[in-house]
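In this note's numbering, the protein residues as written are 23 to 298.
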């Protein structure tokens, strides 16, 4: 028996508040399958789905899902099934799911499938339990079958970031775990300060700057330091060895032997006939 989704309190984000802004370039574009009348419209829907789910970092020819594209072009599946297939694809699992912690995977997946960030840590914990019990595919199904997804996107609209203000789009966030983990470790070890900020303030001493440098840097630098050498003593030792070194005589006597050449009878194909 799977654990039910834990309860969490939604916070007031932009998508939950009615706005009165004038439409501009930040206004999201809606790609609808039920209003598509040409192949160009279907191509735009497929491209929007790749850009939203795979991010622009992962839009490669080798990552295309030809089977899902064919089904969508033939109207065998709707947009929600197409998005579900992208989320369950090998590309999303290897490029997003397996390289992130569960908490970060929840935040990224909510941004791309529901068009919003996680409300708080309680929601990240609740969905991470779903990932731990049902796996990534169960997590994708739970999101696409939720009331929030149905109310905002339904079966024919490609998910989009709802009411983006003052920040870059969600689909441009790099999903790599290595940068995320490196940043977290840097903040943890440096106490919230970076070496660049500590160096450029101008009011810190050398000891403060050294404390801002990660400890593993000193360990790495210590391995690169070679043992100290006395070059004068080394040169004197080499000169002494050169001066006292006996060069062995490798020459040898050349013995010349007298060679006697004996005449050898040669059979010619003709004989010399003297003239009379």
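Note that beta-carbon positions come from the ideal geometry of N, C-alpha and C, so glycine has one too.
Local conformation of residue i per DSSP, three classes
{"i": "residue 179", "result": "strand"}
{"i": "residue 54", "result": "strand"}
{"i": "residue 145", "result": "helix"}
{"i": "residue 262", "result": "helix"}
{"i": "residue 16", "result": "Not covered by the structure: residue 16. The range shown for the chain is 23 to 298."}
{"i": "residue 274", "result": "coil"}
{"i": "residue 165", "result": "helix"}
{"i": "residue 137", "result": "coil"}
{"i": "residue 184", "result": "coil"}
{"i": "residue 81", "result": "coil"}
{"i": "residue 257", "result": "helix"}
{"i": "residue 268", "result": "coil"}
{"i": "residue 155", "result": "helix"}
For residue j and residue i, the rounded distance between their alpha carbons
{"i": "residue 301", "j": "residue 273", "result": "A query on residue 301 cannot be resolved here, the shown segment of the chain reaching from 23 to 298 and no further."}
{"i": "residue 259", "j": "residue 266", "result": "11 Å"}
{"i": "residue 100", "j": "residue 119", "result": "24 Å"}
{"i": "residue 301", "j": "residue 60", "result": "Because the chain in this structure spans residues 23 to 298, residue 301 falls outside the shown range and cannot be described."}
{"i": "residue 84", "j": "residue 148", "result": "34 Å"}
{"i": "residue 140", "j": "residue 133", "result": "8 Å"}
{"i": "residue 104", "j": "residue 155", "result": "24 Å"}
{"i": "residue 94", "j": "residue 64", "result": "8 Å"}
{"i": "residue 284", "j": "residue 275", "result": "28 Å"}
{"i": "residue 110", "j": "residue 168", "result": "17 Å"}
{"i": "residue 73", "j": "residue 67", "result": "10 Å"}
{"i": "residue 124", "j": "residue 117", "result": "14 Å"}
{"i": "residue 160", "j": "residue 82", "result": "26 Å"}
Where residue i falls, given that 16 or more other Cβ within 10 Å makes a residue buried
{"i": "residue 70", "result": "buried"}
{"i": "residue 98", "result": "exposed"}
{"i": "residue 172", "result": "exposed"}
{"i": "residue 254", "result": "exposed"}
{"i": "residue 29", "result": "exposed"}
{"i": "residue 131", "result": "buried"}
{"i": "residue 88", "result": "exposed"}
{"i": "residue 32", "result": "exposed"}
{"i": "residue 137", "result": "buried"}
Check: residue i C-beta below 8 Å from any heavy atom of the ligand NAD
{"i": "residue 164", "result": "The ligand NAD is not part of this structure, which contains no ligands at all."}
Residue i - containing alpha helix (DSSP H), residue span
{"i": "residue 280", "result": "Careful: residue 280 lies outside any alpha helix (DSSP H) and carries neither H nor E."}
{"i": "residue 171", "result": "169-174"}
{"i": "residue 67", "result": "61-75"}
Beta carbon proximity, residue i to chain B, threshold 9 Å
{"i": "residue 104", "result": "Among the protein chains of the structure shown there is no chain B, as only one such chain exists."}
Alpha helix (DSSP H) runs wholly inside the stretch 83-134, at least 4 long, in chain order | For the stretch 83-134, whole alpha helix (DSSP H) runs of length 4 or above, ordered along the chain, are 88-95, 101-109.
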